[in-house]
Amino acid sequence: MSSAQRVAAYRQRMKDRGYREIRIWVPDTNSEEFRQYCRESAQRMAEADRKEGIMDELEEFAADLPEDDYS
Numbered sequence: 272m273s274s275a276q277r278v279a280a281y282r283q284r285m286k287d288r289g290y291r292e293i294r295i296w297v298p299d300t301n302s303e304e305f306r307q308y309c310r311e312s313a314q315r316m317a318e319a320d321r322k323e324g325i326m327d328e329l330e331e332f333a334a335d336l337p338e339d340d341y342s
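For the sequence shown, the numbering used here gives the first residue as 272, with consecutive numbering after it.
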């Protein structure tokens with residue numbers, strides 16, 4: 272049995288059990304862009320923690336996120 276046939280059989284078994292396949296996109300954690308985003312986020316969090324206004328900073332940060340990328 273080829274790998275394509277095994278995959279098709281597996282998918283059919285899962286459908287028969289009442290599951291449906293979905294696909295999602297997740298950030299590429301190996302990309303430099305993602306690493307930079309994490310660095311900047313960590314710096315903002317550390318600064319907010321020093322100011323003891325971390326919740327305000329989190330709310331401000333979340334408000335700046337584009338809705339179409341994170342909804």
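Glycine included, every Cβ here is placed at the ideal spot set by N, Cα and C.
Residue closest to residue i, alpha-carbon to alpha-carbon, out of the options
| i | options | result |
| --- | --- | --- |
| Asp335 | Ser312, Lys322, Ala317 | Ser312 |
Distance, residue j Cα to residue i Cα
| i | j | result |
| --- | --- | --- |
| Ser302 | Arg291 | 30 Å |
| Pro337 | Ile293 | 24 Å |
Short Cβ contact (8 Å threshold) for residue i with residue j
| i | j | result |
| --- | --- | --- |
| Ala319 | Glu328 | yes |
| Arg315 | Phe332 | yes |
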